[in-house]
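Structure first, commentary second.
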Amino acid sequence: MAMPETSPKALLLRNVPLFAGLDDEQLEQLSSVSVKKSYPKNTVILCEGDKSDSLYIIVSGRIKVLIGDEEGKEVILSMLGPGEFFGEMALIDDHPRSANVESTEPCELIIIGKEDFKRCLGSNFEMTTYIMKGLVKRLREADKKIESLALMDVYGRVARVLLDMAEEQDGRLVITNKPTKQDIAHMIGASREMVSRVMRDLTTGGYIQVEAREIVLNELKKRFKGHHFSVK
Ligand code: CMP
3 MAMPETSPKA LLLRNVPLFA GLDDEQLEQL SSVSVKKSYP KNTVILCEGD
53 KSDSLYIIVS GRIKVLIGDE EGKEVILSML GPGEFFGEMA LIDDHPRSAN
103 VESTEPCELI IIGKEDFKRC LGSNFEMTTY IMKGLVKRLR EADKKIESLA
153 LMDVYGRVAR VLLDMAEEQD GRLVITNKPT KQDIAHMIGA SREMVSRVMR
203 DLTTGGYIQV EAREIVLNEL KKRFKGHHFS VK
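Following this line, the structure appears as structure tokens:
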């Protein structure tokens, strides 16, 4: 008997780490209840305080998680990219959305409704563990953010955020998804002018090289050797 063909959406889900533990049948079932949606750059996807009904998985593009006030001041809690998910918190505890989410690039997202997500979690321990690990990772990152806000000066905070965003590539430590100075400022609670000054000093000192599309950090890593930055 011919095997039923895997649908394109199920193939897409197959590459999402969150669903690694699902078998073909479960993937097909999930694919039939999920929706794929595209968002242009700079689109609000979720608003803090909204009632929640879905989990979002990033297929392509990048988003930022932020909290703001009425005067337009904002703090970026995190930047997420392909394979990562958001919107799980409100689904788990039934509280309103904890933060705003906006696209920083054109994005393709898979959206799964609350009941389907909960059903999947209930029947798949691997998926439950993956979500728990994701939550623990976010808590660790939030702890580090509190530490740097409370204990570090702006130079240390800029250095930490740059090193945290970097990846090793052929012996080079680089940030390929180059953040704007405004984004860095919003990540560390400093002004854009202060971030510009610190980055200029780090460039002049030879600690970082700012290129058109990337920032190279090899010397910065040596300078901060021994500090507990999570260089990937
Ligand atoms: P939820 O509260 O449903 O909606 C906003 C989402 O932003 C939240 O779920 C998480 O997925 C995400 N989020 C909130 N805080 C953080 C954080 N500190 N780091 C990464 N993601 C977060």
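Start counting the sequence shown at 3; every next residue gets the next number (the working numbering). Note that CB positions come from ideal geometry on N, CA and C, so glycine has one too.
For Arg64, the Cβ stays outside the 7 Å cut-off from all heavy atoms of ligand 1. Distances from the CA of Asp95 to each of Ser56, Asn126, Ala152 were compared; the closest alpha carbon is that of Ser56.
Only residues of its own chain outside the window of five on either side were considered, and among them Ile190, Ala192, Met196, Val197, Val200 have a CB closer than 8 Å to the CB of Val156, listed in chain order. With the criterion CB distance below 6 Å from any heavy atom of ligand 1, the matching residues run Leu48, Ser54, Val67, Leu79, Ser80, Phe88, Gly89, Glu90, Met91, Ala92, Arg99, Ser100, Ala101, Val103, Arg140, Ala144 along the chain. About 6 Å separates the CB atoms of Ile60 and Gly83; that is less than 8 Å, so the two are in contact. The C-alpha of Ile69 lies about 11 Å from the C-alpha of Leu48. Per DSSP, the beta-bridge partners of Gly70 are Glu76. The three-state reading of DSSP puts Asn102 in strand, counting E and B together. Inside the stretch 146-180, DSSP marks whole alpha helix (DSSP H) runs of 4 or more residues at positions 156-167, from first to last along the chain. DSSP, read as helix, strand or coil, puts Leu111 in strand.
A direct Cα-to-Cα measurement between Glu169 and Asp118 gives close to 35 Å. As the crow flies, the alpha-carbon of Pro19 is around 27 Å from that of Lys53. Annotation for Lys183: the continuous alpha helix (DSSP H) segment containing it runs 183-190.
The Cβ-Cβ distance between Ile114 and Val35 falls below 8 Å. Counting other Cβ atoms within 10 Å of its Cβ, Pro181 reaches 16 or more and is therefore classed as buried.
Residue pairing by DSSP puts Ser36 in a beta bridge opposite Ile114.
Phe226 carries a coil assignment under DSSP once its states are collapsed to helix, strand and coil. With three or more CB-CB distances shorter than 8 Å, the stretch 98-112 counts as touching the stretch 29-44. Of the residues assessed, Ser105 falls on the buried side of the cut-off, its CB having 16 or more other CB atoms within 10 angstroms.
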